[in-house]
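**Q**
Number of protein chains: 2
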Amino acid sequence: MAETFRPGPAGPVSGFMDLALAQARAAAARGEVPVGAVIVRDGAVLAAAGNRTLELNDPTAHAEVLAIRLACAAVGSQRLPGADLYVTLEPCAMCAGAISFARLRRLYYGAGDPKGGAVDHGVRFYNQPTCHHAPDVYSGFAEREAADLLRSFFRDRRDPD
Amino acid sequence: MAETFRPGPAGPVSGFMDLALAQARAAAARGEVPVGAVIVRDGAVLAAAGNRTLELNDPTAHAEVLAIRLACAAVGSQRLPGADLYVTLEPCAMCAGAISFARLRRLYYGAGDPKGGAVDHGVRFYNQPTCHHAPDVYSGFAEREAADLLRSFFRDRRDPD
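Keeping their order, the protein sequence lines are chains A and B. Using UniProt numbering, you'd call the opening residue of the first sequence number 1 and step up by one each time. Using UniProt numbering, you'd call the opening residue of the second sequence number 1 and step up by one each time.
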C-alpha cells in the first residue's frame with residue numbers, strides 16, 4: 001500500500017491523532033478496516049487500539065470500543081470522565097453510543113463518514129434527546145491521511161494486485 | 001425484590017424470551033441493570049447473557065453486546081446470519097448498531113424504552129440510510145415482566161430498604 005506519512009501541525013491533538021493513525025495502519029496490516037483510536041487523560045495515553053473485528057470474530061471490536069474497554073479496564077471503572085478519544089474516522093452509531101456511556105469528555109475525529117457516521121452524519125446521535133451524555137466534538141484532524149488509509153485499503157481489496 | 005414469574009403464552013418466542021428474562025433476573029441479583037438477551041439459530045441457543053457493565057468495568061457490556069460476542073465466538077464468525085436475538089428491553093443505539101453489524105435476522109424485544117431506545121424510539125436506527133442491515137423487529141413480548149424488573153430494580157436502588 002503506497003501511503004505516505006504526513007505529520008500534521010504541531011501540538012498535542014496532532015500527536016495523539018498520529019498515534020491513532022499508527023493504530024489504523026497496524027489494523028490495515030492485519031487485514032482489518034484501518035481505523036485507529038487512542039484515549040488520553042491528563043496528557044497520558046490510557047489505551048490505543050485498532051479495529052480487530054476479523055481477528056476476534058467480534059463485530060463490536062471497532063477501534064473505539066476496544067480502546068474504551070482497555071481504558072476502563074486500566075482505570076477500573078466503566079466511566080472515563082475527563083478523558084478524550086482520538087479516532088481516525090467519524091464514529092458509527094454503536095461507537096457513538098459507547099462513547100456516551102463511557103462519559104468521555106471530548107471526541108476528536110479525523111475523516112467524516114457520510115455512509116456510516118453517527119456524529120455529524122446519519123442519526124447525529126449527540127443531538128438527540130435519547131443521548132444522555134454527549135462529548136464535545138472536534139473534527140477534521142489528519143482528515144486526509146485517515147481517509148487515504150481507508151481508500152487505499154478498500155481499493156486494494158477490490159483490486160488485490 | 002418482590003417479583004413474580006409469569007409465564008407467557010406457549011410457543012418458541014415465549015420460551016426464548018423467558019430465557020432472556022431469566023438472564024435479566026440474574027443481572028439484577030448481581031446488582032446490574034436487569035436486561036437479558038438470548039441468541040438463537042435453528043432452534044438452538046447460541047448465547048445467553050445479562051448486563052455486566054459494573055462487574056466487567058465495561059460500559060459496552062450490555063446484554064445484547066455480550067450475547068453477540070459469545071455467539072460470534074461460538075460460531076467463529078463476526079456475522080450471525082439466520083440468527084435471532086431475544087432481549088427484554090428495546091436496544092439502545094450502541095446495541096442497535098451491534099445487532100446490525102452482526103447481521104442478525106430478527107430482533108424480538110420485550111419492553112419499549114422511550115428514554116434510551118433506538119429502534120422504535122429516539123434515532124430509530126433501522127429506518128436510517130446509514131444503517132446497512134436491519135433485522136426484522138418484533139416487540140411487546142413479556143413486556144410487563146421486563147418492565148417490572150427494571151422498575152423494581154430502580155425503585156430498590158432509590159429506596160434501598
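Note that CB positions come from ideal geometry on N, CA and C, so glycine has one too.
Spell out whether any CB of chain B is found under 9 Å from the CB atom of A/Gly31.
**A** A/Gly31 does not count as touching chain B.
**Q** Which residues, taken in chain order from the stretch 129-151 of chain A, show a beta carbon closer than 8 Å to some beta carbon of chain B?
**A** Those residues of the stretch 129-151 of chain A that come within reach of chain B (Cβ to Cβ, closer than 8 Å) are Pro129, Thr130, Cys131, His132.
**Q** Any C-beta of chain A sitting closer than 9 Å to the C-beta of B/Gly76?
**A** Yes, contact with chain A.
**Q** Is A/Thr88 close to chain B? Criterion is C-beta to C-beta, closer than 9 Å.
**A** A/Thr88 does not count as touching chain B.
**Q** Taking B/Ser100 and B/Cys131 to be in contact with their CB atoms under 8 Å, please state how far apart those CB atoms are, rounded to whole angstroms.
**A** Confirmed, Cβ separation roughly 6 Å.
**Q** Based on Cα-Cα distance, which residue from B/Tyr108, B/Ala118, B/Arg52, B/Arg106 lies nearest to A/Tyr126?
**A** The shortest C-alpha separation from A/Tyr126 is found at B/Ala118.
**Q** Check the DSSP bridge columns for A/Tyr108 and list the partner residues they point to.
**A** According to DSSP, A/Tyr108 bridges with A/Tyr86, A/Tyr138.
**Q** Using beta carbons (cut-off 9 Å, strictly below), is B/Pro59 in contact with chain A?
**A** Yes, its Cβ sits closer than 9 Å to a Cβ of chain A.
**Q** Taking the straight line between their C-alpha atoms, what separation do you get for A/Tyr138 and A/Glu64?
**A** About 16 Å.
**Q** Give me the Cβ distance between A/His62 and A/Met94, rounded to the nearest whole Å; I'm assuming they're in contact under 8 Å.
**A** At roughly 7 Å, the Cβ-Cβ gap stays under 8 Å, so A/His62 and A/Met94 are in contact.
**Q** Is the Cβ of A/Ala118 closer than 9 Å to any Cβ of chain B?
**A** With 9 Å as the cut-off, A/Ala118 counts as an interface residue toward chain B.
**Q** Report yes or no: is there a C-beta of chain A within less than 9 Å of the C-beta of B/Ala37?
**A** Not closer than 9 Å to any Cβ of chain A, the Cβ of B/Ala37 fails to qualify, so no.
**Q** Mind checking which residues open and close the alpha helix (DSSP H) that includes B/Ala102?
**A** Premise fails: B/Ala102 is in no alpha helix (DSSP H) and is neither H nor E.
**Q** Relative to the C-alpha of A/Leu107, which residue among A/Gly31, A/Ala96, A/Arg52, A/Val35 is closest?
**A** Out of A/Gly31, A/Ala96, A/Arg52, A/Val35, A/Ala96 has the C-alpha closest to the C-alpha of A/Leu107.
**Q** Please name the residue, chosen from B/Gln128, B/Arg144, B/Pro59, that lies closest to B/Ala111 on a Cα-to-Cα basis.
**A** The residue with the shortest Cα to Cα distance from B/Ala111 is B/Arg144.
**Q** What does DSSP give as the partner residue(s) for B/Ala44 in the beta ladder?
**A** Answer by DSSP bridge pairing, in chain order: B/Arg41.
**Q** Counting along the chain, where does the alpha helix (DSSP H) carrying A/Thr60 start and finish?
**A** Looking at the DSSP string, A/Thr60 is not in any alpha helix (DSSP H), and its letter there is neither H nor E.
**Q** Between the C-alpha atoms of residue 162 of chain A and A/Gly116, what's the straight-line distance to the nearest angstrom?
**A** Given that chain A is displayed from residue 1 to residue 161, the structure contains no residue 162 of chain A and the question cannot be resolved.
**Q** Would A/Leu46 count as contacting chain B if we go by Cβ distances under 9 Å?
**A** By this cut-off, A/Leu46 is not an interface position.
**Q** Less than 6 Å between C-beta atoms, sequence neighbours within five positions excluded: which residues of the same chain meet that for A/Pro9?
**A** For A/Pro9, the predicted structure reports a pLDDT of 46, less than 50, and the residue's modelled location is therefore unreliable. A value from the coordinates is still provided. Counting only Cβ-Cβ distances below 6 Å, and skipping sequence neighbours, we find nothing.
**Q** Just to confirm, are B/Ile68 and A/Thr60 a CB contact at a threshold of 9 Å?
**A** Yes, they are a contact pair.
**Q** For a contact defined as C-beta to C-beta under 8 Å, what are the partners of B/Ile50 on chain A?
**A** Reading off the sequence, residue 50 of chain B comes out as Gly, not Ile. Within 8 Å Cβ-Cβ: nothing; B/Gly50 doesn't reach chain A, min ~15 Å.
**Q** Just checking my contact of A/Ala83 with A/Leu104 at CB under 8 Å: how many whole Å lie between their CB atoms?
**A** A/Ala83 to A/Leu104, Cβ: 6 Å. Contact.
**Q** Excluding the 5 residues preceding and the 5 following A/Phe141 in the sequence, name in chain order all residues of the same chain whose CB lies nearer than 8 Å to its CB.
**A** These residues qualify, in order along the chain: Gly8, Val13, Ser14, Met17, Tyr86, Tyr108, Tyr109, Gly110.
**Q** Pull up the distance between the alpha-carbon of residue 228 of chain A and that of B/Pro34, whole angstroms please.
**A** Summary: the structure shown does not reach residue 228 of chain A, with chain A confined to residues 1 through 161, and so no result is reported for it.
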